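Before any comments, here is the structure.
There are 2 protein chains.
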Amino acid sequence: MYLCLIMSNLRFATAIHILVLLDKNRNELITSDFIAGSLNVHPVVVRREIKVLREAGYIESKKGKEGGCALAMEANKILLGDLYKLVNKENMLGRKNRPNPDCAIGRQMNNKLDVLFNKAEEGLVALLNKQSLKDFSDSFE
Amino acid sequence: MYLCLIMSNLRFATAIHILVLLDKNRNELITSDFIAGSLNVHPVVVRREIKVLREAGYIESKKGKEGGCALAMEANKILLGDLYKLVNKENMLGRKNRPNPDCAIGRQMNNKLDVLFNKAEEGLVALLNKQSLKDFSDSFE
DNA sequence: CTAAATGAAACACTTTTTGTTACAATATTG
DNA sequence: CAATATTGTAACAAAAAGTGTTTCATTTAG
Chain Y
0 MYLCLIMSNL
10 RFATAIHILV
20 LLDKNRNELI
30 TSDFIAGSLN
40 VHPVVVRREI
50 KVLREAGYIE
60 SKKGKEGGCA
70 LAMEANKILL
80 GDLYKLVNKE
90 NMLGRKNRPN
100 PDCAIGRQMN
110 NKLDVLFNKA
120 EEGLVALLNK
130 QSLKDFSDSF
140 E
Chain R
0 MYLCLIMSNL
10 RFATAIHILV
20 LLDKNRNELI
30 TSDFIAGSLN
40 VHPVVVRREI
50 KVLREAGYIE
60 SKKGKEGGCA
70 LAMEANKILL
80 GDLYKLVNKE
90 NMLGRKNRPN
100 PDCAIGRQMN
110 NKLDVLFNKA
120 EEGLVALLNK
130 QSLKDFSDSF
140 E
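Just so you know, the protein sequences line up as chains Y and R, in that order.
The first sequence begins at 0 in numbering that gives the first Met the number 0 and counts up one residue at a time.
The second sequence begins at 0 in numbering that gives the first Met the number 0 and counts up one residue at a time.
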């Protein structure tokens with residue numbers, strides 16, 4: 000398991016933005032250019048995140064002219080904690096030093112930090128999972 | 000308030016390592032060189048973190064020959080959630096894009112994310128605050 | 001005075017993250 | 001079938017964040 004405690008990238012904000020737009024435009028195919036316009040980033044950045052969301056089963060996309068993407072799940076089944084884990088999959092664990100193994104404390108430190116970080120991660124994900132994409136999206140006017 | 004969800008730096012791990020060493024060597028002044036040896040990093044990196052811990056009142060240091068630093072508080076008064084906030088003070092809020100203000104969704108997004116991130120941060124800090132430096136330090140053999 | 005330590009600034013280096021270009025593949029429309 | 005609009009992806013460039021290092025002034029003990 001991994002733990003990310005500092006949101007040092009924009010991926011969670013980007014992913015949730017994409018999903019809200021798709022939820023607000025159900026029954027339509029939305030292009031990455033349109034999403035990029037709302038997010039104010041490059042369309043390729045959007046497509047990168049779309050790939051992750053698609054592979055996780057949250058959305059599906061259609062290639063070619065008149066293509067675009069749409070939600071592939073009910074919005075109330077998409078939980079924000081799961082989304083958080085998804086976009087931070089690779090580097091979830093809090094970063095650790097490589098302490099001196101000759102030091103009695105240093106030797107044990109990373110195992111202790113792992114325990115601490117894992118507990119924190121579980122709590123955080125559980126907390127975020129109390130809210131679904133639907134809850135979040137419905138809070139918009 | 001701020002929220003950091005991904006631990007993309009080593010500062011929390013470094014700060015907690017320093018504090019555990021000081022707790023395990025109470026009644027002694029520990030040099031940044033000694034700490035750096037245990038952490039396996041440059042002494043200046045240690046002194047940078049020591050400055051933050053000192054200004055927060057957790058430790059005090061003595062200059063000059065035979066100098067060093069020591070805990071300035073009881074270890075059970077130092078809560079890990081507070082420590083987490085301290086080392087991530089500047090960039091705690093999850094990072095956000097700068098969405099297009101002409102988009103009805105984009106316009107509202109960052110306020111909504113702030114609410115979400117603040118709630119998550121509070122929960123995370125509360126969870127970490129269940130553990131003090133003493134609890135953590137005592138778990139070492 | 002000398003030695004050992006902190007304090008702090010400045011800069012270099014590395015890693016992470018984001019932005020951009022380019023182009024192949026695919027599907028729709030006429 | 002040709003033209004067009006779109007996704008998908010790779011490769012690279014640029015920017016930002018984080019860490020490492022050098023340097024030196026200051027302080028204190030002996």
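Glycine is no exception: its CB is placed at the ideal position from the N, C-alpha and C atoms.
Note that the structure is a prediction, hence the values are computed from the model and not measured.
Can a CB atom of chain Y be found closer than 8 Å to the CB of residue i?
i: residue 38 of chain R; result: yes
i: residue 74 of chain R; result: no
i: residue 138 of chain R; result: yes
i: residue 16 of chain R; result: yes
i: residue 115 of chain R; result: yes
i: residue 131 of chain R; result: no
i: residue 128 of chain R; result: no
i: residue 13 of chain R; result: yes
i: residue 20 of chain R; result: yes
i: residue 104 of chain R; result: yes
i: residue 9 of chain R; result: yes
i: residue 85 of chain R; result: no
i: residue 82 of chain R; result: no
Could you tell me whether any Cβ in chain R is nearer than 8 Å to the Cβ of residue i?
i: residue 98 of chain Y; result: yes
i: residue 58 of chain Y; result: no
i: residue 26 of chain Y; result: no
i: residue 47 of chain Y; result: no
i: residue 119 of chain Y; result: yes
i: residue 70 of chain Y; result: no
i: residue 122 of chain Y; result: yes
i: residue 52 of chain Y; result: no
Around the Cβ of residue i, are there at least 16 other Cβ atoms within 10 angstroms (buried) or fewer (exposed)?
i: residue 88 of chain Y; result: exposed
i: residue 129 of chain R; result: exposed
i: residue 98 of chain Y; result: buried
i: residue 25 of chain Y; result: exposed
i: residue 62 of chain Y; result: exposed
i: residue 140 of chain Y; result: exposed
i: residue 64 of chain Y; result: exposed
i: residue 48 of chain Y; result: buried
Please check the pair residue i and residue j, which I expect to be a contact at CB under 8 Å, by giving their CB distance rounded to whole angstroms.
i: residue 80 of chain R; j: residue 124 of chain R; result: 4 Å
i: residue 38 of chain Y; j: residue 68 of chain Y; result: Their Cβ separation, rounded to whole angstroms, is 14 Å, which puts residue 38 of chain Y and residue 68 of chain Y out of contact at 8 Å.
i: residue 31 of chain R; j: residue 42 of chain R; result: 5 Å
i: residue 86 of chain R; j: residue 114 of chain R; result: No, residue 86 of chain R and residue 114 of chain R are not in contact; Cβ-Cβ is about 24 Å, not under 8 Å.
i: residue 46 of chain Y; j: residue 8 of chain R; result: At roughly 29 Å, the Cβ-Cβ gap does not stay under 8 Å, so residue 46 of chain Y and residue 8 of chain R are not in contact.
i: residue 136 of chain Y; j: residue 74 of chain Y; result: 6 Å
i: residue 12 of chain R; j: residue 112 of chain Y; result: 6 Å
i: residue 40 of chain Y; j: residue 96 of chain R; result: 6 Å
i: residue 122 of chain Y; j: residue 126 of chain R; result: 4 Å
Return the chain-ordered list of same chain residues with a C-beta closer than 7 Å to the C-beta of residue i, the five sequence neighbours on each side being excluded.
i: residue 72 of chain R; result: 56 and 57
i: residue 34 of chain R; result: 17, 20 and 45
i: residue 77 of chain Y; result: 18, 57, 131 and 132
i: residue 100 of chain Y; result: 106
i: residue 83 of chain R; result: 11, 124 and 127
i: residue 53 of chain R; result: 59 and 60
Here's a check: name, in chain order, each residue in its chain whose Cβ is nearer than 6 Å to the Cβ of residue i, leaving out the five neighbours to either side.
i: residue 10 of chain R; result: 86
i: residue 27 of chain R; result: none
Tell me which residues share the same chain as residue i and place their Cβ nearer than 8 Å to its Cβ, disregarding the 5 neighbours each side in the sequence.
i: residue 146 of chain Y; result: Missing from the structure shown is residue 146 of chain Y; chain Y here goes from 0 to 140 and no further.
i: residue 134 of chain Y; result: 75
> For the stretch 10 to 21 of chain Y against the stretch 97 to 113 of chain R, are there 3 or more C-beta pairs whose distance is under 8 Å?
Replying inline: Contact holds: three or more Cβ-Cβ distances are below 8 Å.
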